[in-house]
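Visitor:
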Amino acid sequence: MTGPEFRTLALSLAGTIAAPHFDRTAFKLHRTFATLAADGASANVLLTPDEQEHYAGLAPEVFRRVPNKWGDQGWTMVTLAGADPRLLRSVLESAWRAAHRPPRSRKR
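Those letters in the sequence shown? Residues 1 to 108, per our numbering, in order.
As structure tokens, then:
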């Protein structure tokens, strides 16, 4: 999959808009559910930690945890060149649904 194909796929999900996000493009509903790197080589998607573990186990050359606190929350890096379009559509749909969930409460 290419960056432009990822963009088209993300924008095909109902209500999704694209917006600048630092050096990336963010795809969002009420909140961001995916970002695309400026070079189009990778994307980050919001999954649950369980989904993140599942997909990283299924295709570790494509899916891996973002190596910081965002990764602890389920943000997962996707290497687009090796991604199966059908699998990535399923992953993006899951991330899109996550954007509808209420945010987790913050510890004080």
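Virtual Cβ for every residue (Gly too), placed ideally from N, Cα, C.
Does the beta-carbon distance from Leu47 to Gly3 come in below 8 Å?
Guide: For the purposes of this step, residue 47 is taken as the residue at position 47 of the sequence shown. For the purposes of this step, residue 3 is taken as the residue at position 3 of the sequence shown. The answer is no: Cβ separation not under 8 Å.
Visitor: What's the C-alpha gap between Trp96 and Ala59?
Guide: Residue numbering aside, residue 96 sits at position 96 when the sequence shown is read from its first letter. Residue numbering aside, residue 59 sits at position 59 when the sequence shown is read from its first letter. Approximately 20 Å between the Cα atoms of the pair.
Visitor: Please name the residue in His100, Glu53, Met1 and Glu51 whose C-alpha comes closest to that of Ala43.
Guide: For the purposes of this step, residue 43 is identified with residue 43 of the sequence shown, where counting begins at 1. The shortest C-alpha separation from Ala43 is found at Met1.
Visitor: Please list the segments of the alpha helix (DSSP H) lying wholly inside the segment 17 to 96, counting only runs of 4 or more residues, in order along the chain.
Guide: You should have 49 to 58 and 69 to 72.
Visitor: What are the boundary residues of the alpha helix (DSSP H) that Leu11 is part of?
Guide: If you number the sequence shown from 1, residue 11 lands on position 11. Looking at the DSSP string, the run of the alpha helix (DSSP H) that includes Leu11 is Gly3 to Leu11.
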